[in-house]
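Trainee:
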Amino acid sequence: MVCWVMMSVCGAQAAGEHPRLLVRAAHYEALRQRADKEPWRSMREAVQSCTSLTYRADGSVYRQYASMRHVMRQAALACILFPQERSRYVTHIVEQLGHWDDLNATRERQPRSDWSSMVIGGDAFFTSVLALDVIHDDLTDSQRTAIEQRLQTWFDYERDESTGSWVLAKYGAMGLWALYLDDREAFEAYAGAYDRRLRQHFTEDGVALVGGNYASARLAGGELAKTYFMDVLALHGWHDYYNDPLLGAFYEWFYAGMVTPTRRFAIFQDCGETTHSGTSGVIANWRAHRFSRTAAAHAAWFEPEDLTPGILGYVLVDEPLPEPRAPASRLWKSGYAALWEAPHADALMAALWAPNRAFQHDHFEINAVHLTGYSQTLLRNAGYEGWGNPVAGFSWKYVSRFDMWPESDHAVGGNIA
């Protein structure tokens with residue numbers, strides 16, 4: 239098992255060494271040995287052919303950034319797992335990172351406030367920095383300088399020009415770059431900003447105030463810079479998120495409270511009729527054990543798909559899924575409740591949303607109720623099926639007026655006074 243404690247202790251002394259952001263060269267052999275078992279064996283097999291993956295200049299801005307993310311997360315892992323073919327993977331990474339010139343030009347043509355550029359672009363940047371860290375010592379000075387300049391261009395634009403509310407992605411991506419550069423002042427600033435924003439999402443007992451869809455996207459899904467910068471911070475000893483009671487409570491709520499017997503989200507806040515992300519192959523479902531054994535057992539109940547291959551999943555997931563534990567009835571003191579008849583798809587289940595404060599993506603949902611039964615949603619409280627999509631017969635302008643902000647929440651203790 240990789241010695242994360244050693245990483246934290248030695249971080250300051252080894253600041254000039256590479257790789258160091260997520261893993262060190264001394265850990266490579268232990269990581270390779272994981273491939274004797276699942277889920278690491280399948281990931282190893284998947285990334286071996288990653289040189290067939292390339293940046294896609296065609297399609298939407300989202301797809302362009304997503305293709306870069308896809309290449310980098312796999313190729314960085316291949317460099318570690320296949321030392322005899324390392325030069326081939328290094329060459330591929332260098333060639334693909336050259337397309338940041340295209341992405342930077344595209345960014346300037348997009349609106350300053352652009353979700354794809356900041357969130358998916360932030361993920362592409364995050365994985366590109368991880369890949370650069372892995373191949374750092376394989377590069378000539380001129381190669382490394384050219385790559386760093388391209389990435390710095392994206393960083394500078396997002397720092398100085400972009401706007402938008404997706405700051406978890408911004409802080410995660412920029413904090414990782416500051417760590418790569420060993421800019422301690424900037425790293426501390428971004429780490430602190432990330433931590434403060436992260437904690438705004440929760441009640442004191444771990445209920446995510448943004449509802450199921452947004453809790454997944456930001457903290458337990460496939461948006462990498464948002465979700466997994468906390469792991470980088472933990473591994474470098476900045477804060478032990480893995481033993482932080484608030485994060486453990488959140489993941490227990492996410493996998494046992496914000497779910498129906500049909501493995502869908504209970505519909506509160508800005509949440510659609512959506513299958514719970516616990517069924518997917520995102521990293522969070524497989525690394526829940528780092529925060530809570532209870533959360534991990536509930537995550538296993540979802541029977542998640544195979545783990546998405548890439549360096550983050552391969553490194554952060556260091557145990558197989560445990561024995562599954564089905565959700566059960568539970569009350570959260572901050573104003574959430576989940577009541578289960580039984581843990582099978584046809585069972586009756588009710589959830590209550592009455593949290594004692596608000597944050598983002600809020601509706602007038604005080605003492606709101608969700609009911610599931612007979613494999614169907616019987617009652618939902620939200621006024622629309624995802625942002626911009628109102629219920630039949632109503633205009634978006636009419637429905638969206640119900641969105642709330644904390645300053646207009648006139649609830650007392652989660653209940654209307």
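Residue numbers (the working numbering): 239 to 655.
Glycine is no exception: its CB is placed at the ideal position from the N, C-alpha and C atoms.
1. Within this structure, are the beta carbons of Cys662 and Val367 separated by less than 9 Å?
2. Report the three-state DSSP secondary structure of Gly611 (helix, strand or coil).
3. Answer yes or no: does any C-beta atom of chain D fall closer than 9 Å to that of Val553?
4. If we count the other Cβ atoms within 10 Å of its Cβ and call it buried at 16 or more, is His308 buried or exposed?
5. Return yes when the Cβ of Asp361 is within less than 9 Å of the Cβ of Leu462, no when it is not.
6. Just verifying my parser: in three-state terms, what is the DSSP assignment at Ala268?
7. Which runs of the alpha helix (DSSP H), 4 residues or longer, sit entirely within the segment 504-548?
8. Which one or two residues does DSSP pair with Ser305 in a beta bridge?
9. Flag this pair as yes or no: are the beta carbons of Ser400 and Ser355 separated by less than 9 Å?
10. Taking all protein chains shown into account, do 16 or more other C-beta atoms lie within 10 angstroms of the C-beta of Trp632, making it buried, or fewer, making it exposed?
11. Following the continuous beta strand (DSSP E) through Trp578, name the residue where it begins and the one where it ends.
12. Using the C-alpha atoms, what's the distance from Leu319 back to Ser515?
13. Rounding to the nearest angstrom, what Cα-Cα distance links Gly475 and Gly611 in this structure?
14. Quick one: is Lys408 buried, meaning 16 or more other Cβ sit within 10 Å of its Cβ, or exposed?
15. Any idea if Trp338 is buried or exposed, counting beta-carbon neighbours within 10 angstroms, 16 or more meaning buried?
16. Considering Leu447, what are the terminal residues of the beta strand (DSSP E) in which it resides?
17. Shortest alpha-carbon distance to Gly551 belongs to which of Glu396, Trp524 and Ala504?
18. Which residues share a DSSP beta bridge with Thr401?
19. Of the choices Thr391, Glu323, Ala314 and Glu396, whose alpha-carbon is the least far from that of Pro349?
20. Out of curiosity, what's the CA-to-CA distance linking Arg215 and Thr329?
21. Which residue comes first and which comes last in the alpha helix (DSSP H) that contains Ala487?
22. Can you tell me which of Phe440, Val607 and Asn619 puts its alpha carbon nearest to the alpha carbon of Gly510?
23. Could you check how far apart the C-beta atoms of Phe506 and Trp591 are, in whole angstroms? I think they sit under 8 Å.
24. Since Leu291 and Ile549 should fall inside the 8 Å C-beta cutoff, what is the C-beta to C-beta distance between them, to a whole number of angstroms?
25. To the nearest whole angstrom, what separates the beta carbons of Ile358 and Ala304, a pair I think is in contact under 8 Å?
26. Closest to Val470 by C-alpha separation, out of Tyr452, Thr500, Tyr489 and Ala429, would be which residue?
27. For Val528, I'd like the list of residues in its chain whose CB is within less than 6 Å of its CB, leaving aside the five on either flank, ordered along the chain.
28. For the alpha helix (DSSP H) containing Leu370, name the first residue and the last one.
29. Using 8 Å as the Cβ pair cut-off and three pairs as the minimum, do the segment 562-575 and the segment 480-498 touch?
30. Please state whether DSSP places Pro562 in a helix, a strand or coil.
31. Fully enclosed by the segment 408-477, which alpha helix (DSSP H) runs are 4 residues long or longer?
32. Which one of Lys464, Asp352, Met306 and Gly519 has the shortest CA to CA distance from Val332?
33. Rounded to the nearest angstrom, what separates Trp634 and Gly402 at their Cα positions?
34. How would you label Asp352, buried or exposed, when you count the other beta carbons within 10 angstroms and need 16 or more for buried?
35. For Thr365, is the classification buried or exposed, using 16 other Cβ atoms within 10 angstroms of its Cβ as the cut-off for buried?
Mentor: Looking at the atomic coordinates:
1. Past the edges of the chain, shown from 239 to 655, lies residue 662, and the structure says nothing about it.
2. In this structure, Gly611 counts as strand in the three-state DSSP scheme.
3. Protein chains in the displayed structure number just one, and chain D is not present.
4. Taking all protein chains shown into account, His308 has 16 or more neighbouring C-beta atoms within 10 Å of its C-beta and is therefore buried.
5. yes
6. helix
7. 521-524 and 531-539
8. Note: Ser305 sits in no beta bridge, so no partner.
9. yes
10. It is worth fixing the name first, because residue 632 is Phe in this sequence and not Trp. Counting C-beta atoms within 10 angstroms of its own C-beta, Phe632 has fewer than 16 neighbours from the protein chains shown and is therefore classed as exposed.
11. From DSSP, the beta strand (DSSP E) with Trp578 extends over Tyr574 to Trp578.
12. Those two C-alpha atoms are separated by around 28 Å.
13. Whole-angstrom Cα-Cα distance: 45 Å.
14. Counting the other CB atoms within 10 Å of its CB gives Lys408 a total of 16 or more, which places it among the buried residues.
15. Buried, since its Cβ has 16 or more Cβ neighbours within 10 Å.
16. Looking at the DSSP string, Leu447 is not in any beta strand (DSSP E), and its letter there is neither H nor E.
17. Of the listed residues, the one whose Cα sits closest to Gly551 is Trp524.
18. DSSP, once it has assigned bridges, lists Ser351 as partnering Thr401.
19. Glu396
20. Residue 215 is absent from the model: the chain starts at 239 and stops at 655.
21. Pro483 to Ala494
22. Nearest to Gly510 by alpha-carbon distance, out of Phe440, Val607 and Asn619, is Asn619.
23. 4 Å
24. Actually they are not in contact, since the Cβ atoms of Leu291 and Ile549 sit about 14 Å apart, beyond 8 Å.
25. 6 Å
26. Check the Cα spacing between Val470 and each of Tyr452, Thr500, Tyr489 and Ala429: the tightest is with Ala429.
27. Note that residue 528 is Arg in the sequence shown, not Val. Same-chain partners within the cutoff: Tyr480.
28. Gly359 to Ile373
29. yes
30. coil
31. 422-438, 449-453 and 462-473
32. Met306
33. 21 Å
34. Classification of Asp352: buried, given that the 10 Å Cβ count is 16 or more.
35. buried
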